[in-house]
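In UniProt numbering, the protein residues as written are 1 to 314.
To start, the structure under review is shown below, and the notes come after it.
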Amino acid sequence: MKRRTFRVEGALVGKAVDAAVASELGLAEARARELVGVGAVYVAGKRSRDAKARLVAGQVVTVVLEEGGQSALAEAAPAPELRVLYEDADVIAVDKPAGVTAQPTEGRVGGSLVDLVGEKLGRPAGLVHRLDRETSGVTVFGKSAEATSALAAEFREGRARKRYVAVAGPGLPLNGTVDLPLSKDPSRPGRWRATRAANGVPALTDFHTLFSGPAFCVVELLPHTGRTHQLRAHLTALGAPILGDARYGGLPRAGGVEAARCLLHAQALELGHPRTGKVLRVEAPVPEDVMRFFAAAGLAALTGPIRAWGPEGA
């Protein structure tokens with residue numbers, strides 16, 4: 001990420017945000033206004049959307065110029081069609097497309113899943129859990145503050161049950177449990193490592209290998225915890241990183257089939273309904289890029305209730 005930061009002092013005191021950004025970064029004011037407009041400018045740690053707001057002495061202004069190697073002003077990709085999996089008065093569940101962020105990034109607002117759902121509802125959507133940008137699948141939102149709080153508690157207190165499917169490298173055992181803490185990898189920014197050698201956070205994943213071949217495996221993943229990059233790091237620790245996951249060493253193709261992104265899909269979610277308390281199960285169809293590997297393995301698409309966790313589900 002490329003950013004510039006400056007403190008408001010001297011001639012900058014009392015200036016409008018766009019004028020100050022233009023002056024400090026050597027930009028035309030029109031371009032500075034664009035940066036404010038896309039949400040790339042922060043004043044005193046908060047995103048500023050008012051280009052004409054007057055600055056106060058001592059405030060710190062941060063401007064995100066590039067994110068992920070792309071300019072903050074790069075044209076946004078067209079918004080994908082939103083597939084609604086379930087909806088009632090309290091909850092909406094959607095199938096997050098791969099390549100869409102769960103929420104606005106530091107350098108841009110608009111185009112994230114929470115933005116798309118909010119646009120559909122005509123009001124802010126209550127995001128209660130997140131998937132990585134490249135991960136597809138079930139994501140639920142609350143339609144009210146009360147529903148959002150109840151749904152968030154399902155995840156926080158470990159009652160929400162999740163089933164993922166992934167296409168990984170070869171060599172996985174038939175089934176097992178990975179009980180390895182996660183910590184940031186100091187030698188590889190942006191990666192997490194699964195190891196007991198560091199002071200990490202607890203992370204637990206059950207897995208069941210649905211297909212094992214010389215080129216790839218298809219695996220069902222049942223995480224007990226919901227840590228950042230948990231499934232990606234745990235499969236890497238088993239020596240079988242997810243195909244297409246360049247950050248963790250996943251191959252870009254296997255068995256003659258391409259893996260253009262990290263082939264991880266949140267296929268099913270079971271949790272208590274925020275109003276009735278009854279178990280709500282939502283499923284997202286296995287997407288085409290993952291189904292190509294299912295087909296190559298002779299597997300039918302995964303569906304139905306989530307199996308029991310632990311040895312009784314093996």
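In this text, a Cβ means the ideal position worked out from N, Cα and C, and glycines have one as well.
Predicted model only: the values in this text are computed from it and were never measured.
(1) Quick one: Cα of Ala295 to Cα of Gly137, how far?
(2) I'd like the span of the alpha helix (DSSP H) that includes Gln230, first residue to last.
(3) What's the C-alpha gap between Arg232 and Gly26?
(4) From the DSSP secondary-structure annotation, give me the bridge partner or partners of Glu29.
(5) Let me check understanding here. Comparing Cα to Cα, which of Leu85, Gly249 and Leu35 lies closest to Asp50?
(6) Sorted by chain position, which residues of the same chain lie with C-beta nearer than 8 Å to Ala16's C-beta, five sequence neighbours on each side aside?
(7) Nearest to Val8 by alpha carbon, out of Arg31, Glu29 and Tyr42?
(8) Just curious, the beta strand (DSSP E) that Phe141 is in, first and last residue?
(9) Mind reading off the beta-carbon distance from residue 318 to Leu82? Whole number of angstroms is fine, and I expect it under 8 Å.
(10) Using 8 Å as the threshold, is the C-beta distance between Glu270 and Arg281 below it?
(11) Could you please give the first and the last residue of the uninterrupted alpha helix (DSSP H) stretch that includes Glu154?
(12) For Phe216, which of Leu263, Arg275 and Leu131 has the nearest alpha-carbon?
(13) Pick from Leu222, Leu235 and Ala259: whose alpha carbon is nearest that of Arg307?
(14) I need the DSSP call for Ser187, collapsed to helix, strand or coil.
(15) Using CA atoms only, rank isn't needed, just tell me which of Leu182, Gly14 and Arg4 is closest to Leu65.
(16) According to DSSP, is Asp179 part of a helix, a strand, or is it coil?
(17) Helix, strand or coil, according to DSSP, for Leu251 in the structure here?
(18) Determine whether the beta carbon atoms of Val128 and Val165 lie at a separation below 8 Å.
(19) Rounded to whole angstroms, what is the Cα-Cα separation between Ser212 and Leu235?
(20) Under 8 Å between the Cβ atoms of Thr205 and Pro173?
(21) Based on Cα-Cα distance, which residue from Asp18, Leu113 and Leu121 lies nearest to Gly99?
(22) Run the CB neighbour count on residue 319, radius 10 Å, all protein chains shown included, and call it buried at 16 or more, exposed below.
(23) So the candidates are Tyr248, Thr303, Ala153 and Phe6; which of them puts its Cα closest to the Cα of Arg188?
(24) Identify the residues that DSSP records as bridge partners of Trp192: which are they?
(25) Under a three-way DSSP split, which group does Glu106 fall into?
(26) Quick one: does Ala125 have its CB under 8 Å from some CB of chain D?
Let me lay it out:
(1) 19 Å
(2) Gln230 to Ala237
(3) 42 Å
(4) Paired residues: none, contrary to the question.
(5) Leu35
(6) Ala51, Lys52, Ala53, Arg54 and Leu55
(7) Tyr42
(8) Ser136 to Gly142
(9) Residue 318 is absent from the model: the chain starts at 1 and stops at 314.
(10) yes
(11) Ala145 to Arg156
(12) Leu263
(13) Leu222
(14) coil
(15) Arg4
(16) strand
(17) coil
(18) no
(19) 14 Å
(20) no
(21) Leu113
(22) This structure gives no information on residue 319, because the portion of the chain shown stretches from 1 to 314.
(23) Tyr248
(24) Lys184
(25) coil
(26) Within the model displayed, chain D is absent; a lone protein chain is all it includes.
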